[in-house]
Amino acid sequence: MASLRRDAGAVAPGQTWIVRAWKWGAGSLSAGAALVSILSSVRSITGAQQVRWIGVAPAADTAWSIGDTIQLATTITDGHGGVLPGVSVGWSSMDSSVASVDSAGTVAVQGPGATTIVAAAGGRIAQSRILVRLRPAAIRIFGDSLPRLAEGSTTRLVARVVDARRHPVPGQSVTWRSADPSVAAIDSAARLTAIMAGRVVLIATGGDLTAELPLEVYPVPATITLLAGDNQHAPAGHRLSGTVKVQIVSRGGRPLPGVPVRFSLAVASGRVDRESDTTDAGGIVEAAWTIGSRPGRHRIVLAVEGDTSIATSVVADADPLPENTRIMSPGGVLTGSVGQALQAPVAVRVVDSAGSPVTDVPVSWTADGGGVIIAEGPRTDSIGEARARWTLGPRSGPQQAYLQLGGSRAVPRFTVGATALPGPAASLAAPRTTSLRGEVGRRLPAAVEFRVADGAGNPVPRVPVVVRPASGSVSERVPITDSTGRASVIWTLGSAAGSQRLSASVAGIERPLELTAQARPGSPAKATLDGIPASAMAGRPLAQAVACVVTDVYGNAVPGVPVAFTARAGRVTPARVRTDAAGRAEARWTLGSTPGDQVLEASVKESGRRVAAKVRALRPGKLRSRQAP
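Going by the working numbering, the first residue of the sequence shown is number 842, and it counts up by one from there.
Below you can see the structure in the form of structure tokens.
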């Protein structure tokens, strides 16, 4: 039967009635066989002829928890209705997985469901229907009571809805929540995560039932943060000016007090005023460090005792002492072109008073005169040497670079000298930043200047500059640069208004210099009237506007010139107009009503020039007769 029940739990939903029917039938057959056995036994004891009726009380009952017991009682009578005492009764359960019964009629609940308890005596039987309905009584939390959990750790909680006797009630789900998710959070799968130190209550809910589980999340060291004391320097054998200070922080980001921290020094790295200490209320611990007597880099390690994975290191430099330091240069005169790097690196060697190399000491380089010097390494090497690449400054002549040993500047800086030579011509430019503007056919107000420099920007004297104007002329075709690298020419512009170009070139410089000047028109020199027909209808406006075109002596249109129109007959509007970009001033002329010759005059105000034109005004009829075929 146990095997059958396990299989029934795995069948498809549509086959459940078959399993239930099989289970009931098998249970009935088993109970029937037991009943037959009990009846045979009872008959042999009491005799079938004596028992006429048997009853069981209660005839039906309900149990709410596994392990509950129900006491059944029987009444047996003979044929006259008299009660028969001392008759043996046989008991059996139709489904012992739901409830079992002993020889005294005591029913013990085994699981949910329903079963029939059969009492048999003298060939007679009676039945009691037992229904087991498990009633949720509480939520039981299994496993450890979980009073404390470390920050950042996780675990899974298990809880079940149970009956009054603490047996799980099937089909009842339990959900969890945290009263303070910032301290501990629990998801839908009952996975609990401790987030930060504190106390919190975890609440399990199943139906109308709740259960609470108090939890304390305790902090654990997670990180050690260096607050101060790194990258200090002091003379060898002296105490650093600042203490070494670190802070221990928990996984939840809170400073942890009372955490033991150990200070460990490498060999010959000096000493600290304490080997270990515990953090204060802010999670901070600090110590003073006296640096070792050997110049160079030293290190101290700070770690949480018992957990070396939580550690940090601090580095400090012991600067050489002036009385025990010697700096030497290989010697020789260093030369190079201005603005160029020296072919070989600058090298110096540092030793102590006994001639031993001073190694692993910080070095810094500087150069004057606009030069740039870059160290090949930040410290002296294993033989005490320091090297740097020096690009000379832009100024020709003597230049200097300096080596500073250590960070305290106790050792005077060491000077290295070089001579900067001027370079060849490398650039050609026009120093003037203002635009070039002038009048056509005239000299520009200022001379056009050129500047020749080498690759570092130094002026290069005595260099020929070839000047080629595309328009106009220059005072000198090949001027020579002076001591400042400058040359100049006078440029007389050509006759065409607009942009005019001039180029200059120097041997050895691939790209010539192109300059552009803006040539404006000259003064008004000529005026003409345009758009006036030979004849037109009297009293009517001309079909198109009349225009006064103003040009200079070279024929360039002169814009912005005031022009006054005067009509001897009729009217002209507007009477005063300025010329546009094409040198045109336009107006509308309405002829007078009297036939005959009519005159329009235009006067250019700036030059005083006048120009006139006439139109023959015709009668309307005469004009039509002329126009007829």
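By construction, the Cβ of each residue, glycine as well, lies at the ideal position given by its N, Cα and C atoms.
Between residue i and residue j, what straight-line distance do the alpha-carbon atoms span, to the nearest angstrom?
i	j	result
D919	G931	18 Å
R793	V1002	Residue coverage of the chain in this structure runs from 842 to 1470, which leaves residue 793 outside it and unanswerable.
G1048	I980	10 Å
A862	I917	With a pLDDT of 36 at A862, under the threshold of 50, the modelled position of this residue cannot be trusted, and the question is left open.
P1055	R997	15 Å
R1457	R1412	15 Å
P988	V1015	20 Å
V1402	S1444	10 Å
T1200	D1158	12 Å
L1459	I1373	15 Å
A1000	L1033	13 Å
V1085	A1129	6 Å
T1275	A1297	25 Å
E1053	S934	40 Å
L1067	P1272	56 Å
A900	Q968	7 Å
D1295	Q1341	29 Å
S937	P1022	47 Å
V959	G1039	60 Å
R1103	S1117	4 Å
A1453	V1330	45 Å
P1219	A1031	56 Å
T1407	R1451	11 Å
A1377	G1396	31 Å
A1423	T1357	22 Å
S871	V939	The predicted model places S871 with a pLDDT of 46, which falls under 50 and marks its position as unreliable; any figure quoted below should be read in that light. The straight-line gap from Cα to Cα measures roughly 15 Å.
S1434	A1287	58 Å
L972	A898	15 Å
E1351	V1192	51 Å
P1461	A1360	50 Å
What are the partner residues of residue i, as DSSP defines its beta bridges?
i	result
I911	V948
E1053	I1044
V1257	A1242
S1117	R1103
G896	T916
A1360	G1279, G1339
Q1013	Its beta-bridge partners do not exist; DSSP assigns none.
G954	V973
Q1088	T1066, I1125
Y1059	A991
V1156	R1140
W1430	V1413
P1305	I1321
E1290	S1329
Would you say the beta carbon of residue i is closer than 7 Å to some non-hydrogen atom of the ligand ZN?
i	result
K1455	Ligands displayed in this structure: none; no statement on the ligand ZN is therefore possible.
Using CA coordinates, which residue listed in the options is at the minimum distance from residue i?
i	options	result
F1255	G927, A1188, G952	A1188
W1332	T1325, R1309, G1449	R1309
L1269	A1288, Q1245, V1202, N1299	N1299
T1119	D1438, I1089, A1454, G1396	I1089
E1355	R1417, T1407, V939, A1345	A1345
V1418	A1398, K1446, V1156	K1446
G1349	K1455, T1392, V1304	V1304
S1029	P1353, S1019, T1232, R1429	S1019
G1326	T1051, G1133, P1302, A1453	P1302
A1337	V1281, G1433, A1026	V1281
Y1243	T1207, I1224, A1259, G1133	T1207
P1400	A1311, P1362, K1455	P1362
V892	G927, A962, G952, A914	A962
S1110	T1392, D1160, G923, D902	D1160
A1328	I1214, R1292, G1070, T956	R1292
S994	G1234, G1147, Q1439, I1036	I1036
L1277	V1306, P1353, L1334, R1318	L1334
Which whole-angstrom value is the C-beta distance of residue i and residue j, which I expect to be below 8 Å?
i	j	result
R970	G908	Actually they do not touch by this definition, with Cβ atoms about 20 Å apart.
V948	V942	5 Å
G1264	G1212	No, G1264 and G1212 are not in contact; Cβ-Cβ is about 14 Å, not under 8 Å.
V1061	A991	5 Å
Got a sec, what are the start and stop residues for the beta strand (DSSP E) residue i sits in?
i	result
T1232	1226-1232
L1175	1175-1178
D1371	1367-1371
Q1439	1437-1445
S934	931-934
S1268	1266-1270
T1034	1032-1035
L1459	1451-1459
W1206	1204-1208
A1311	From DSSP, A1311 is part of no beta strand (DSSP E); its letter is neither H nor E.
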